[in-house]
Amino acid sequence: MPETPAAPGAFIVIRALRLPFIGASLLPYAIGAAYACGHGGCSWARTAVGAVLVALAHLAANVLNDYGDAKLGADWQDMTAYGFYGGSKLIQQGVLDERWYLRAGLLLDGAYVALLFVFAAVYGLWGVVAPGIAIAAVAAAYSLPPLKLSYRGLGELCVIALFGPCAVCGGYVLARGALPGGTLFLLSLASGLLTGAILVCNGIADIRTDAAAGKKTLAVRCGFAGARRLFLSMTFGAGALVAFAPPRALAVAASCAAVATGIAVDRLIGRCGGDAARMKTPAIVMIAGHAVCHALLIALAAAAA
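Residue numbering for the sequence shown follows the numbering used here, starting at 28 and increasing by one per position.
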């Protein structure tokens, strides 16, 4: 009889799930929750369950992305695991197979949908079910046929929407059980642009391999120079969106942090020339800048009441 494959260890599972990057969804979610708390209507229990929902949806999207990129060929163009971009490469290195990723993605999405229904039943918020399922569907369509949105130049728009308005305004709705106002929507757009800028930065590192696989990301479509301009426009746009929000001091700090992050990362990208082996430093600086900007946006949201 063939031997049953050993279960992957904790480190491998963490790497497969890309667990260290869960902040890319939880930080935007925290902006919405902080805004709800600042307005005196935050339920900590609902907020905690909502955070689990966000994490499940994000992790499911991560593993389905690796599954899709393996099936469609993008991750086979360069089998080096860079850590911050290009996928986990565990399939390509023979550590895990495609079936493991598909099962993990379906299990995580199943847990997400089940918890979503439990949340709606317990708190009487049935209005969150349809949008919640739609979010999971779009996240799956990001990587998987037939839509494979990231292969059609639509992945960046999906990330801006999912990690911006959906995560931020969703945080408010789940924490308070009501719809947010216009100020939070502006903060959500800034958050989405900053997270989208991470994707463009990473996409620059993958231009050669994505182009070879027919994955027409915006970085591939724009080319190296155009992608740098797009990256700067996104970080500067995020800064502009929050510059005049109340309270002014925090808004200016968040705006300056977004612009400074964009300038610093763009210069590093220029020095690397888009070489995937050298793009780790720009990726790390972008992630750090994203975290700093979001810490300021969370403080801004909490104080905006």
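Positions of the beta carbon are idealized from the N, C-alpha and C atoms, including for glycine.
Predicted, not measured: the structure shown is a model, and the values here were computed from it.
Alpha-carbon to alpha-carbon, Lys243 and Gly180: As a first step, residue 180 is located in the sequence shown; it is residue number 153 there, counting from the start. As a first step, residue 243 is located in the sequence shown; it is residue number 216 there, counting from the start. Between the alpha carbons of Gly180 and Lys243 lies a gap of roughly 5 angstroms.
**Prompt:** Are there 16 or more other CB atoms within 10 angstroms of the CB of Ile225, so buried, or fewer, so exposed?
**Reply:** Within the sequence shown, the letter at position 198 stands for residue 225. Label assigned to Ile225: buried.
Look up Tyr169 in the DSSP assignment and say whether it is helix, strand or coil. As a position in the sequence shown, residue 169 is number 142, starting the count at 1. Coil at Tyr169, not helix or strand.
Fill in: Span separating the alpha-carbon of Val81 from that of Gly300
Here residue 81 refers to the residue found at position 54 of the sequence shown. Here residue 300 refers to the residue found at position 273 of the sequence shown. One C-alpha to the other measures close to 35 angstroms.
Separation of Trp127 from Met106, as counted between CA atoms: The residue you call residue 106 lines up with position 79 of the sequence shown. The residue you call residue 127 lines up with position 100 of the sequence shown. When rounded, the distance between both Cα atoms is 18 angstroms.
| message | To test your reading of the DSSP string, which unbroken alpha helix (DSSP H) runs of 4 or more residues are found completely within the segment 279-328? | response | none
Note to self: Could you compute how far the alpha carbon of Ile162 sits from the alpha carbon of Gly198?
What the structure shows: Counted from its first residue, the sequence shown places residue 162 at position 135. Counted from its first residue, the sequence shown places residue 198 at position 171. Rounded to the nearest whole angstrom, the C-alpha separation of Ile162 and Gly198 is 14 angstroms.
So, helix, strand or coil for Leu53, using DSSP?
One-based indexing of the sequence shown puts residue 53 at position 26. Correct three-state label for Leu53: helix.
Let's see if you can read the secondary structure: which residues bound the alpha helix (DSSP H) around Asp96?
Counted from its first residue, the sequence shown places residue 96 at position 69. Where Asp96 is concerned, the enclosing alpha helix (DSSP H) starts and stops at Trp71 to Leu99.
| Test item: CB-CB of Gly266 and Ala246 under 7 angstroms | Residue 266 sits at position 239 when you count from the first residue of the sequence shown. Residue 246 sits at position 219 when you count from the first residue of the sequence shown. Cβ distance not < 7 angstroms, so Gly266 and Ala246 don't count as in contact.
Checklist line | Extent of the continuous alpha helix (DSSP H) to which Val149 belongs | finding: Looking up residue 149 in the sequence shown gives position 122. First-last of the alpha helix (DSSP H) with Val149: Glu125 to Tyr150.
Exercise for the section: Could you have a look at Ala61 and say whether DSSP puts it in helix, strand or coil? Expected result: For this step, residue 61 is matched to residue 34 along the sequence shown. Correct three-state label for Ala61: helix.
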